[in-house]
Amino acid sequence: MAHILLRDLDVPDIWQFDTYVANGGYAALRKSVKELSPDEVTKIVIDANLRGRGGAGFPTGRKWSFIPKTAQVKYVTVNADESEPGTFKDRQLLEGNPHQLIEGAMIAAYAIQATAVYIYCRGEFWDLAHALEDRIEEARKANLVGENVLGSGWSCDMFVHLGAGAYICGEESALLNSLQGLLGQPRVRPPFPAQMGGGLYYWPTVVNNVETLANVPWIIDHGAEAYKAIGTPESPGPKIFCLSGHVAKPGNYELPLGKTFRELIYDYAGGIPNGKKLKAILPSGASGPVLPATDEVLNAPMTYESVAALGSTLGSASFILMDEDTDMVWAAAKMIHFFKHESCGKCTPCREGTYWLDQIYHRLLRGQGTARDLEQLERVPKQMVGVTLCALGDFAANPVLSTVHHFRHEYERYIKQPALEKAGAVAEPV
Amino acid sequence: MAETVTISIDGQSYQVPKGANLVDAAKLHGTDIPVFCYHPKMKPVGMCRMCLVELGSVTVNRESGKPDLDEHGQPVIRWQPKLQTACTQTVSEGMAIRTSTAKVVEARDDILEFILTSHPLDCPICDKGGECPLQNLTMAYGPGESQFLYDDKQHLAKHVPLGELIYLDRERCIQCARCTRFCDEVVGDDVLAFHERGRKLQIVTVSDPPFDTKFSGNTTDICPVGALTTADFRFGARPWELSEVPSICPHCPVGCNISASTRLDRDSGGKKVIKRIMPRQNEQVNEIWICDKGRFGHHHSLSSNRLQTPMLKKDGAWVEIDWKTAYQEVTSRLQKYGEKVGFLAGPSLSNEDLWEMRKLARRTCRDCQIGLWPATMTGLEAVTQAGVGVGTHLAALGPESAILVIASDFEEEAPIWWLQVKQAADRGAKVMVANARPTKLDQYAKCVVRYEYGEAVEVLNHIAVFARRHDKLNQTLVEGRVDGFAELEADLKGKRVPKQHSEAAELLLDTENLVIFAGNEGLTLAQQAELMQAAANLLILTGHVARPNNGLVAVWPGANMQGALDLGFSAEATVSLLDNPPSMWVIGDADPVAEDARAAAVLDQAEFVVVSTQFMTPTAEQADLVLPVLSFAEREGTFTNAMRRVQRFYMAQTPLEGALSAWKVFAQIGSALPGGDKPRISAALVMRDIAQHVVRYAGMNYTDLAHVETQFPDVGGHDLYYGGNAYANHGGLGIQWATNAEKENYRLTVRPVSAEAPKYEDLTLIPIRLLYNRDVLFEPSTVMHARIPAPYADFNAKDAAQLGIIDGDQVVISAGDLQINVSARVNGQAPTGFVLLPIRLSQLPVPAAPAMCSVQKVEE
């Protein structure tokens, strides 16, 4: 089947404006602006049941419909902060098929009658962001972006903004703060971004992931029914799965939602190298609970709802695979160190909890862990879950709780004898 | 309480104000929800997570619109699965919370354990210990012990200066952002910020000079831990040793309620001394804020330069004498000079001092003039008629109100009002600033009117004209109670209103409330008098009188200028004294020699000058007899602030040996004169005299002035979380005297005012007031010296170019006989043709009113 999102794999040079247009590009935007009302566009997307690809899986069309029509200023913000460990799908879209994102973002902007679109790129996307500006300029010259789009009387310009390299700025309200030039810390909600007072510069704002918007042109072109024919009823459409770690052919795979883990890993990605056994899967980067590679897991379909039923989350579908040789304590320590580094520090449980957990893991890895440390690895994350301002606190708890639950015996190997307990620890983070 | 909603707290139903914050609403009914980051004066941010509660709402049946009921007839409540932060909730009908369930208790315990993992627990040496919200809340809600290993603790810098006034202890900081939010939200000064992230998140100052705001000290009050401390108090005393004495700030007309934290101090010979000054809550005056001048400007009372014995000048040399001799010296001279005695009162004498001085003057001779210093402002009549209504509450003004600030650099002259007006603007109040030059309030104003110095009156006249033409007059009031309208109308008729002024008028007159703050910048005494009358005219005609949040406030140059005016002292009398100099002067706590060359010359010619003073000021140097008096901290008394609120201050400090209260001194002198009565034995009895003789103060007494009520939001007293023992107001909220407009049987008078503006053709010098100066009461606070600028004058770029001077040049300004050496600033403040010269940046006099001047560059 031809790709819907990763069309650069099918069409060489589709990143070029002419190639994109020659392959049906911008027809959907033309159709939207010329033939459809904003509400009709929104309705098509609602009917297609497109769910947000950034991680939470919130229905995109409904998000658009929350924008108050009376607001004088409205924004679309594209979340291209892609900073979840193991996620690299947006990067390929932005590099390989940028005009599809621009088109999707403009359709979203048309649907809410936005005054501007901001694309927030993570700080490391330096080259990409500059190239993207050139692509936007091409669209602007073709009157697809900017003043009086396609002669419709509706004007909407598009800007690219580079972040400064903070994981938390992928969280939508922290992203908005960062975009405004404020410290990248999440905001109190309500008001939500779609409401007055909650969005960019406090105007109603739709924040969508790159991959989400890249779906939109196809939906407008082919209709909601065609889109729903792909994937499952609850999770329709194609999804890009990012595979990394111990896998023969790492990379991005675009598949309809609903394929099983086994199909993806063994049929498409060539299985685990060196004939090793798969031990665990991180289905959504570092932020979701680890799944042990049991048959139950491998045979489960990859949809938002079925992964949730397994006790994890599909999130951004960035699968980090770990083979039988992987030290799960070490892996969890890496993730905690990451979250400690990336916690914005705004709210107490996450700021202090990640620091505390990081100290414990360092002690474990140095061989100075005690039974008490293991107790705390079960207790401290629970103190963080559900009480933080944004989801980062929950994310940070996930790898700890899930690895302790599934791989407790590996932790116990690290625990020293009780006699050593009083020796305490020398805290010196690596 | 206006509109209310019903909420349920732990199963109990309560009526709470609609739109209130949940934490405040719960506290109103005695339920403490612990908080660290939340503060009732700032927007909630939900950072610390300490206020987690179970939150639910009554389910309402869609068909009937009534709440669903369970089998017991109680409304069914749908509880949210996760705990919610109470501080981010606004109360709504049917809201329900549970604040003491096991889930909530455990969550609080967990949060406190987290916060304490990073906290140094150095309570035994911490300045906050004893009044620390973290300490209090840990005792109330915290875990008995921590699971965290002490060795894992992060150690951070403990003495980080954020400027020279405030120090940061990074270890103690719990990242609640109260300090940064105070600077951003309340003050609007972008001086503090978070740096880094995660556990490295830290407070830094981003301004140059560091922590550059006039309100920095307030951050130490609202800091819920001991992370921020003040330079003059840190490691100075423990909160539990301190006793809080209610007082009133002696520095400006706002009359901030302060609390003097005192203790018996070894370094001061076991005497009771002030260790720090804290704000005391009075929502209608200063809420819970004070400026840095008020906080750090109390050190004069402990200065080693204070005078301790009366001194007589004999053959040019000072001779120490005892009080009895001093009294005799004065009485004999008063009798000798009789009608040729003039009296002059300074800006920081209490009402009791002023009353006794006035009594002394009346006893000396019937027509003795009682003058006021500085003699730059007048207008009691205008305030008496059209002053702000009793109960005016700046902290509550919003979109329904307009505020006009005219001829005043508001932040420099009345910082806390500036803060409140700025916040009113943030809430949507229509603020208009009229001045001849830019001031800091401009950026918050909906409308800025520029005029040339001297033309301030014309602006108000034009607004009155606009009001008349556009039917904005209050006809009932004008027809029923106002005299002189016909003349005023005739005067206003036919005046052309420039577009800028009509736009301003439209803005101001379109609201329910209007408050006018009138200063005197760039005005002579006569012009300023007209400005006050013009403001009164406007307010009376448009009916913006006799109601709270409406009326006139004069930005007087002193803490008790209003009291002095109320008790009969006036700048006009001072002018008359200077014009017809008496042979003998009695001066109370004023320093005319340092401020006015003409006064210095006049006093030099006098035969005998008596000065009551705390310090050997230039005026005292020039006198023949000096009488040492007590500072505001060492005695009782009352000040009347510029909103006419009479407020008590109490004795905080052991009185300086040898010095007496000024009122006592004047009373003693008076009692020795023929017909003199026995001196009163306490300030309270002097106030009783005042209440009997001065109509405005009728019925006032110390007991009523000390009356307090619960204030909302309640930040003082017994709560565990707003911190500080000083907020609680035990000293009284004060009493405002009512204006004539508020008394129904009084008639109001308007009259045409002369708007004739002088044509300034030559370079003209305009004296301006700065908050930080070398005023006699402020100079001894050495901790503030870095903030007092060296003497300077501000030039317009055009003038500077013409004079051949650039920023930083030394210049000599000649005005009349005065030669003033200053450095030049060229920074866009001064209008063309004018030089702005701050007063009291040195002990050398500068002109007190606009004056022609010439400027010479000093070649190096």
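Same order as they appear, the protein sequences are chains A and B.
Position one of the first sequence corresponds to residue 1 (this note's numbering), numbered consecutively onward.
Position one of the second sequence corresponds to residue 1 (this note's numbering), numbered consecutively onward.
Backbone N, C-alpha and C define an ideal beta-carbon position, used for all residues, glycine too.
As assigned by DSSP and simplified to three states, the class of residue i
i	result
A:G24	coil
A:V11	coil
B:G236	coil
B:S13	strand
A:T212	helix
B:E544	It is His, not Glu, that sits at residue 544 of chain B in the sequence shown. Reduced to three states, the DSSP call for B:H544 is coil.
A:D18	helix
B:D426	helix
B:W585	strand
B:A659	coil
A:Q417	Its pLDDT being 46, under 50, A:Q417 is placed unreliably by the model, and the measurement read from it follows with that caveat. Coil.
B:K499	helix
A:E410	helix
A:E254	strand
B:W79	strand
B:T619	helix
Partners in chain B for residue i, counting only beta-carbon separations shorter than 8 Å
i	result
A:S83	Ordered by position in chain B, no residue passes the 8 Å Cβ test against A:S83, which lies about 13 Å from the chain.
A:P387	Residue identity check: residue 387 of chain A is Val in the sequence provided, not Pro. The answer, in chain order, is R49, L52, K82, L83, A107, D110 and I111.
A:W356	F114, T117, F148 and D152
A:A166	R197
Proximity below 8 Å, CB of residue i to CB of residue j
i	j	result
B:A504	B:M432	yes
A:L132	A:L213	no
B:Y721	B:L137	yes
B:G56	B:Q89	no
B:D591	B:V855	no
B:S303	B:G637	no
B:A386	B:I540	yes
B:L344	B:T574	yes
B:L372	B:A849	no
A:V78	A:Y110	no
A:M328	A:G245	no
Any non-hydrogen atom of the ligand FAD within 7 Å of residue i CB
i	result
B:I587	For the structure depicted, the ligand FAD is absent and the ligand set is empty, with no information on it obtainable.
Where residue i meets chain A, residues with beta-carbon distance less than 7 Å
i	result
B:P210	Neighbours of B:P210 on chain A: none; closest Cβ ~19 Å, over 7 Å.
B:T88	V188
Proximal residues of chain A, C-beta to C-beta of residue i below 9 Å
i	result
B:C48	C347 and T348
B:P44	V188
B:Q135	Here the premise fails: no neighbours, minimum Cβ distance about 17 Å.
Interface residues of chain B facing residue i [CB-CB closer than 7 Å]
i	result
A:Q359	D152
Notebook entry, point to check: Would you say the region 136 to 153 of chain A touches the region 28 to 42 of chain A, given that touching needs at least three Cβ pairs under 8 Å?
Noted result: yes
Note to self: Tell me whether the region 566 to 581 of chain B and the region 694 to 714 of chain B touch, counting them as touching only if at least three CB pairs, one residue from each stretch, are closer than 8 Å.
What the structure shows: yes
Margin query: Using a Cβ distance threshold of 8 Å, determine whether the region 133 to 142 of chain A contacts the region 57 to 65 of chain A, with at least three qualifying pairs required.
Written below: no
Item checked: Cβ-based contacts, 8 Å cut-off: residues of the region 335 to 354 of chain A near chain B -> K340, H341, E342, S343, C344, G345, K346, C347, T348, P349, R351, E352, G353 and T354
Next item on the list: Pull out every residue of the region 182 to 193 of chain A whose Cβ sits closer than 9 Å to any Cβ of chain B, in chain order.
Entry: L183, G184, Q185, R187, V188, R189 and P190
Checklist line | Near-chain A residues of the region 104 to 130 of chain B (beta-carbon distance less than 8 Å), N- to C-terminal order | finding: A107, D110, I111, E113, F114, I115, T117 and S118
Notebook entry, point to check: Taking one C-beta from the region 329 to 340 of chain A and one from the region 390 to 406 of chain A each time, how about it: are there three or more such pairs within less than 8 Å?
Noted result: yes
Next item on the list: Determine, using beta-carbon pairs with one atom in the region 209 to 224 of chain A and one in the region 36 to 54 of chain A, whether at least three such pairs fall under 8 Å.
Entry: yes
Margin query: Using 8 Å as the cut-off, can you tell me whether the region 307 to 315 of chain A makes contact with the region 265 to 284 of chain A, which would need three or more C-beta pairs spanning the two stretches below that distance?
Written below: yes
Item checked: Interfacial residues, the region 180 to 213 of chain B to chain A, with Cβ spacing under 8 Å -> A193, F194, E196, R197, G198, R199, K200 and L201
Notebook entry, point to check: Is the region 361 to 379 of chain A in contact with the region 5 to 13 of chain B, if contact means three or more CB pairs nearer than 8 Å?
Noted result: no
Checklist line | Touching by the beta-carbon criterion (3+ pairs, under 8 Å), the region 736 to 751 of chain B and the region 377 to 393 of chain B | finding: yes
Notebook entry, point to check: Would you call the region 162 to 179 of chain B and the region 216 to 223 of chain B in contact, with 3 or more CB pairs under 8 Å?
Noted result: yes
Margin query: Taking 8 Å as the cut-off, does the region 701 to 713 of chain B touch the region 664 to 679 of chain B (at least 3 CB pairs, one atom from each stretch)?
Written below: no
Check: Quick one: any contact between the region 153 to 163 of chain A and the region 118 to 130 of chain A, if contact means 3 or more CB pairs under 8 Å?
Finding: yes
Notebook entry, point to check: Do the region 187 to 204 of chain A and the region 83 to 94 of chain A touch if we need at least three Cβ pairs shorter than 8 Å?
Noted result: no
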